[in-house]
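Protein chains in written order, with my numbering: chain A, 2 to 350; chain B, 187 to 476.
These notes concern the structure reproduced below.
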């Protein structure tokens, strides 16, 4: 089936002015500014089928927001092609916007001085939504997001969490099949974050909305998306399922063992023998051993230790997604060169 | 047609059919909401009544002094009698209180702060939305600002009637056109924010220059002939000089009609120019601040 979003070799350059130092430099800048081209998005390609919820992640300035702005039609790319359901966002912008919703976490699309419900009425007129469909959609969101308590308050009086809930409803009132979320949980407390996540799961399951989500909060990703695209310095450095990312990075496991009798790490290393594990140097009751799930099963390591030593307690820690992504960022540059054989690896699997 | 395609055949036609009324209704809502918004902030405008009265008073005394020192036997200065001059001062300031708006500043701020992104993901024409909002603001100004100013200033300084009562109607029409020309011009200036770094400085300078070029500060008849004919070719006179001189009866018959047509032509021409500049600017858009 044709994917809903198809992005091919997308690039976006910005022109930046680099200032010279000192007073004289300032004068020179006036006459002859030093301009440089900055490539914010560099040859990005991916496809998203309808109904999927994909996380688009990267460090600050990696090119996430620029990509989203091109996909929503706000920015025109320097080169490359985007097709969303057969439309080119920046070329068919006015028509295209009827079919998408977008939330930019740092801004609100609601009218600051109006009551929330007034903003919704206005959006109904903007998108020419039929009264019946509007009622149905609004009732659903009032229930899912608990909007009733502040529906008649002006937007400027809302808390950030309340405002975000209203913005989500606003982006979906016209029933778009595609939703762009640029950092929807930024600045929210734990409870508010959770209600946003629950809502997004609901609309994915109930309405089948396709979602592209950028975030710094990897908790969002872990709870919402099976697939992620990681971008670094404008390039895609990973595109696949989270489990695949885990196994690719090595999926480190840390096992903490509490013994009944003190021992040295060297003696424990003898116990695990040829297994590819790393014992943290030390002696005493508590020891840590690290290994990759790809190389050895945790059951084998545990069995070896338990058979040889009296063990009081065990704790297994999996590396969380945040650490994995941090690892990927660090390897970002190296990735570009060995991307080819990794692609092959994934293909074989 | 694949299931994922967003376009539905016939959709466009259907929109055309019911489009007109629905779209007009939308822009009326924008005007209405702008009116309500300004109504909520009406307290700010009470001080404005005082400052406009002061502007008129200052000019009133300035020109009265000027006329007092005219050579014996001379009735006119710059082609105007003292009574006409006083009416000129009152009407140009009262008119300005109605035609003025801040859509240049509003648009510029949205561009500089990147808020414009949220307008660009909506299926409407930003220019028409801004003009509708300006219309809402103008209606608010007319009722809550211009009318009170008129009530204070007219008894205080004495506005003489136009030579022909029909000119009341023509003046109102001419001021309505003046509002349109000013709003289009402001939209154009706001668009410059896409290209200029210090747009607020430009807007501030524009405000001062406009007071001069529209004829609010000094009637064009005070200036040399070349200046007057240069002004004939610029849109600024349509914002104040034309409606005020219509009231004074300096444009009669054929001239009057031509003046109004020229005003309307400027309003239309600048609207089209604004539309072009907008579409070019949007293509160039590189948003600042995230």
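Each residue gets a CB set at the ideal place from its N, CA and C atoms; glycine is no exception.
For the beta strand (DSSP E) holding residue i, just list the boundary residues, first then last.
{"i": "residue 81(A)", "result": "80-85"}
{"i": "residue 37(A)", "result": "35-49"}
{"i": "residue 278(A)", "result": "278-280"}
{"i": "residue 231(A)", "result": "228-233"}
{"i": "residue 1(A)", "result": "The question about residue 1(A) has no answer, for chain A in this structure spans 2 to 350."}
{"i": "residue 8(A)", "result": "6-19"}
{"i": "residue 255(A)", "result": "253-265"}
{"i": "residue 212(A)", "result": "211-215"}
{"i": "residue 221(A)", "result": "Here residue 221(A) belongs to no beta strand (DSSP E); instead the alpha helix (DSSP H) covers 219-225."}
{"i": "residue 289(A)", "result": "284-293"}
To which residues of the same chain is residue i closer than 7 Å at the C-beta, ignoring the five residues directly before and after it?
{"i": "residue 405(B)", "result": "264, 266, 274"}
{"i": "residue 95(A)", "result": "none"}
{"i": "residue 484(B)", "result": "In the structure as shown, chain B starts at 187 and stops at 476, and residue 484(B) therefore has no counterpart that could be examined."}
{"i": "residue 285(A)", "result": "263"}
{"i": "residue 319(A)", "result": "254"}
{"i": "residue 19(A)", "result": "35, 37"}
{"i": "residue 234(B)", "result": "331"}
{"i": "residue 98(A)", "result": "74"}
{"i": "residue 360(A)", "result": "Past the edges of chain A, shown from 2 to 350, lies residue 360(A), and the structure says nothing about it."}
{"i": "residue 9(A)", "result": "46, 81, 82"}
Classify residue i as helix, strand or coil using the three-state DSSP reduction.
{"i": "residue 240(A)", "result": "strand"}
{"i": "residue 258(B)", "result": "coil"}
{"i": "residue 236(B)", "result": "helix"}
{"i": "residue 428(B)", "result": "helix"}
{"i": "residue 347(B)", "result": "coil"}
{"i": "residue 316(A)", "result": "strand"}
{"i": "residue 307(B)", "result": "coil"}
{"i": "residue 341(A)", "result": "Note that residue 341(A) has pLDDT 35, beneath the 50 cutoff, so the model's placement of it is unreliable and no number is given."}
{"i": "residue 190(B)", "result": "Residue placement at residue 190(B) is poorly supported in this model, since its pLDDT is 46, which falls under 50; the coordinates still yield a value, given next. Three-state DSSP puts residue 190(B) in coil, outside helix and strand."}
Sorted by chain position, which residues of the same chain lie with C-beta nearer than 8 Å to residue i's C-beta, five sequence neighbours on each side aside?
{"i": "residue 275(A)", "result": "none"}
{"i": "residue 344(A)", "result": "Confidence is the limiting factor: at residue 344(A) the pLDDT is only 34, short of 50, which leaves the residue's position unreliable and the question unanswerable from this model."}
{"i": "residue 4(A)", "result": "48, 49, 50, 51"}
I need the boundaries of the alpha helix (DSSP H) containing residue i, first residue and last residue.
{"i": "residue 354(B)", "result": "352-377"}
{"i": "residue 440(B)", "result": "439-470"}
{"i": "residue 326(B)", "result": "312-327"}
{"i": "residue 478(B)", "result": "Nothing about residue 478(B) can be read from this structure; chain B reaches only from 187 to 476."}
{"i": "residue 276(B)", "result": "268-285"}
{"i": "residue 384(B)", "result": "Unbroken run through residue 384(B): none, as it is neither H nor E."}
{"i": "residue 413(B)", "result": "411-418"}
{"i": "residue 309(A)", "result": "299-309"}
{"i": "residue 292(B)", "result": "289-298"}
{"i": "residue 23(A)", "result": "23-32"}
Residues in the same chain with beta-carbon distance under 6 Å from residue i, minus the five sequence neighbours each way, listed in chain order, please.
{"i": "residue 198(B)", "result": "In this prediction, residue 198(B) scores a pLDDT of 44, lower than 50, which makes its location untrustworthy; no coordinate-derived value is stated."}
{"i": "residue 236(A)", "result": "43"}
{"i": "residue 166(A)", "result": "146"}
{"i": "residue 186(A)", "result": "194, 197, 218, 221"}
Can you name the residues of chain E whose CB is closer than 7 Å to the CB of residue i?
{"i": "residue 103(A)", "result": "Protein chains in the displayed structure are A and B, and chain E is not among them."}
- [ ] Scan the segment 29-48 of chain A for residues whose Cβ lies nearer than 8 Å to a Cβ of chain B and list them as they occur along the chain.
- [x] Result list empty, no residue passes.
Open item on the list: If the cut-off is 7 Å on Cβ atoms, which residues from the segment 334-359 of chain B count as contacting chain A, listed in chain order?
Closed with: From the segment 334-359 of chain B, no residue has a Cβ closer than 7 Å to chain A.
Open item on the list: So if I threshold CB-CB distances at 9 Å, which residues from the segment 68-79 of chain A count as touching chain B?
Closed with: Only those residues of the segment 68-79 of chain A whose C-beta falls short of 9 Å from the nearest C-beta of chain B are listed: 70, 73, 74, 75, 76, 77.
Open item on the list: Output needed in chain order: residues of the segment 299-321 of chain B with a Cβ under 8 Å from some Cβ in chain A.
Closed with: Sequence-ordered contacts of the segment 299-321 of chain B with chain A read 300, 301, 303, 304, 306, 307, 308, 309, 310, 311 [C-beta pairs closer than 8 Å].
- [ ] Would you list, in sequence order, the uninterrupted alpha helix (DSSP H) runs of no fewer than 4 residues that lie entirely inside the segment 70-144 of chain A?
- [x] Those alpha helix (DSSP H) runs which fall completely within the segment 70-144 of chain A and span 4+ residues are 94-97, 117-127.
Task: Contact list for the segment 208-220 of chain B against chain A, Cβ threshold 9 Å - done: Residues are counted here when their Cβ sits less than 9 Å from a Cβ of chain A; for the segment 208-220 of chain B these are 208, 209, 211, 212, 215, 216, 219, given in chain order.
Task: Runs of alpha helix (DSSP H) lying entirely within the segment 137-199 of chain A, each at least 4 residues, in chain order - done: You should have 161-173.
Task: Within 9 Å of chain B by C-beta, residues of the segment 117-141 of chain A in sequence order - done: So the close ones are 119, 122, 123, 124, 126, 127, 128, 129.
Task: Proximal residues, the segment 455-472 of chain B versus chain A, C-beta separation under 9 Å - done: From the segment 455-472 of chain B, only 468, 469, 470, 471, 472 have a Cβ closer than 9 Å to chain A.
Open item on the list: By the 8 Å beta-carbon criterion, what residues does the segment 223-249 of chain B contribute toward chain A?
Closed with: Per Cβ criterion, the list reads 223, 226.
Task: Chain-ordered residues of the segment 207-218 of chain A with a beta carbon less than 8 Å from chain B - done: Listed by position along the chain: nothing, the set is empty.
Task: Selection of the segment 275-304 of chain A by Cβ proximity to chain B, strictly under 8 Å - done: Correct list: empty, as no residue qualifies.
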